[in-house]
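Take a look at the structure set out below.
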Amino acid sequence: MSTTCSCDSGKKWFCYPCEQLICESCKIRHENHSMEESGSLQQKLSSRLPSAIKLCVQAIPNLQDQIDHVDTSVEEMERRVNALKDQLKSRFEVLQAKLMVHHENLRQEADNFLSNIKDKSNQKKELLQTKVSTIESIRDRCHNDDGMDIMDSLKLDDHCTRILDDVKNQSSIIHKIPVICFSVKDNDFEKEIGELFGVLRLDVEERQYKPNKSPLTKSSEGLVGPKLAFPALPVRTGQKVSSIVQTSSNDIIIGYSTNKVITFYDRNAKKQKSRELPIYVQSMTSTSSGAVLVSENKGSKVMKIESNRIELFFDASPFKAFGVLCSKLERVVYVCCQSDEHGHIYVITNEGKLTKIIKKSAEGEFLFQKPHRIAEHSSCRILYVTDPGQKMLLAINNHRQCLFRYNGGPERSNFIPIDVSFCPSINCTVVTNWKGNSVHQLSEDGSFMSLVVSQRDNLLYPTTLLFDCLKRIWISHKDKVTVLKCNFTTS
Ligand SMILES: [Zn+2]
Ligand SMILES: [Zn+2]
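Read in order, the letters of the sequence shown are residues 4 to 494 in this note's numbering.
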């Protein structure tokens, strides 16, 4: 599907998503793309550019200030890092001194043990020597004295029997060699030393690390664990919930990747009705006009569902469509697309015309591998995209700059992010971790705040979630949809 125009004839059109000038005859290949006549675009630009340049020039003093600020902040940082190194050094010296004392104590103990053994062994040797002398004197008496009377003989016989018994019973006089008992194993060293010596948390972004009171144990302590809003909604065996969405009239719609149907519930999770669809559901989003856009599971279509109409809204072929999101302010629809190589996000107008492709960052690097689900900040200036391919949650601003990449925080070793949602009332992002059976709450700058839901809450393989208008979280996981009233950490 080549859309490039290398024709020599006049290039009358500018195609926005392709960022390219094209001629009249190539226009047909850009059928679904948003475009403008190059003449009128040039006119617009030449009237707009002078004032834009003037504004930029005015920004130079501000930039100079920032340059100065960079220097002073680096100096300040150097001072702080050096103070940190002093702390590290004194901590090391304390540990070293303590370790030395401990080492000396152990050596002393071993020495004491050995000299004790030597004393006891000498005593034993003397005792044994006495026995040998006794036996020898008995032997000598027998040889030299023929006229021993019967009483003496009996006494000697008795003596000999006792000595022999004694020798038999004392067969082993070898002491057991002591063993060293280390409670710290070789492969524990890293952990133990980290615990003793401390760890450094360094961040070039100068994020404010709040002293979190062990966020991981929060829900496990049962103090602030989530409560069920109502009994879990059962899902028929074999059915997989792939999307949960709330409409502008507050209905909840559940879609399935295994069944061409959607089911409607009211806010209290009472089932209202079902509706048949021509496609399996991958993801859904609601528009302000009450319509719902549905992306096709294992397909490229995005359908628009209105009260009694279902029509094709956009076709992303040859790519597969994943998460869809109708932006609240910008009057555009985002569609996550996946191919075999790099994924991208299509930006579609309300009329279903492609207007932009988000693929590379402002720095020219590919942003996505498998973009899966998408959410936006209430300002509409930040997009949050889960990428299970990269095992990351990405935040991107409207200049395609990557603000952060969240790799699972405390669960980074088993983090597979699936769905993401922004909660305006608490100004934070929540993301499901399919592999960790949990839901993470992140602050605006992308640092971990808490586990809103964890494995202890009987959540198994959570996939999609909805943060509803009553601040409850609807989460689909194995064979059910659970609705929870959550306690969020507030900063
Ligand atoms: Zn052409
Ligand atoms: Zn085009």
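For every residue, glycine included, the Cβ atom is placed at its ideal position computed from N, Cα and C.
Predicted model, so just to flag it, every value in this text is computed and none were measured.
What are the boundary residues of the alpha helix (DSSP H) that includes residue i?
| i | result |
| --- | --- |
| Met3 | Any property of residue 3 remains undetermined from this structure, which presents the chain solely from 4 to 494. |
| Ile196 | Phe192 to Phe200 |
| Asp105 | The question names Asp, but residue 105 in the sequence shown is His. Here the alpha helix (DSSP H) through His105 covers Ile63 to Asn147. |
Which residues bound the beta strand (DSSP E) around residue i?
| i | result |
| --- | --- |
| Lys424 | In the sequence as presented, Lys is not what sits at residue 424; that position holds Ser. Taken as a continuous stretch (DSSP letters only), the beta strand (DSSP E) holding Ser424 covers Pro420 to Cys426. |
| Pro234 | Lys230 to Pro237 |
| Ser245 | Val244 to Gln249 |
| Glu414 | Segment: none, Glu414 is in no beta strand (DSSP E) and carries neither H nor E. |
| Phe451 | Phe451 to Val456 |
| Ser298 | Val295 to Glu299 |
| Val484 | Lys483 to Lys488 |
| Ile3 | Lying outside 4 to 494, the shown extent of the chain, residue 3 is not represented and no answer is given. |
| Cys10 | Element bounds for Cys10: n/a, residue is neither H nor E. |
| Cys184 | Where Cys184 is concerned, there is no enclosing beta strand (DSSP E), given that its DSSP letter is neither H nor E. |
| Gln285 | Val284 to Ser289 |
| Gly346 | Here Gly346 belongs to no beta strand (DSSP E), and DSSP marks it neither H nor E. |
| Ile256 | Ile255 to Tyr259 |
| Leu203 | Leu203 -> no beta strand (DSSP E), and no H or E assigned at all. |
| Arg270 | Arg270 -> no beta strand (DSSP E), and no H or E assigned at all. |
| Arg2 | Because residue 2 is not part of the residues shown, which for the chain are 4 to 494, the question remains open. |
Taking Cβ to Cβ, would you say residue i is nearer than 9 angstroms to residue j?
| i | j | result |
| --- | --- | --- |
| Cys383 | Glu447 | no |
| Phe325 | Gly346 | yes |
| Ser245 | Gln285 | yes |
| His443 | Tyr409 | yes |
| Val327 | Ser479 | no |
| Leu296 | Ile308 | yes |
| Thr240 | Asp460 | no |
| Pro420 | Met395 | yes |
| Asn440 | Leu462 | yes |
| Thr435 | Pro465 | yes |
| Ser260 | Ser291 | no |
| Thr358 | His36 | yes |
| Phe317 | Val335 | no |
| Ser28 | Ser9 | no |
| Ser424 | Leu468 | yes |
| Lys474 | Cys431 | no |
| Pro229 | Leu445 | no |
| Glu366 | Gln404 | yes |
| Asn253 | Cys472 | yes |
| Leu397 | Phe369 | no |
| Leu199 | Thr485 | no |
| Ser364 | Ile399 | yes |
| Ile476 | Val433 | yes |
| Lys123 | Val170 | no |
| Ile257 | Arg278 | no |
For residue i, which beta-bridge partners are listed by DSSP?
| i | result |
| --- | --- |
| Asn436 | Pro420 and Ser441 |
| Arg278 | Ile265 |
| Tyr464 | Answer is none; Tyr464 lacks a bridge partner. |
| Thr352 | Val335 |
| Ser479 | Val484 |
| Cys21 | Bridge partners of Cys21: none, in fact. |
| Val305 | Ser298 and Phe317 |
| Ile360 | Tyr349 |
| Phe470 | Ile476 |
Please indicate yes or no: does the CB of residue i lie closer than 8 angstroms to some heavy atom of ligand 4?
| i | result |
| --- | --- |
| Leu332 | This structure simply doesn't include ligand 4; it includes ligand 1 and ligand 2 instead. |
Beta carbon shell of ligand 1 at less than 5 angstroms from a heavy atom: After applying the 5 angstroms Cβ criterion, the set is Cys8, Cys10, Cys26 and Cys29.
Sequence ranges, beta strand (DSSP E) only - wholly within the region 309-341, length at least 3: 313-318, 323-329 and 335-341
Closer than 6 angstroms to ligand 2: residues, by C-beta to nearest heavy atom, in chain order: Thr6, Cys18, Pro20, Cys21, His33 and His36
Contained beta strand (DSSP E) runs [length at least 3] in the region 26-57, N- to C-terminal order: 38-40
Inside the region 362-402 only - beta strand (DSSP E) runs reaching at least 3 residues: 377-379, 385-390 and 395-400
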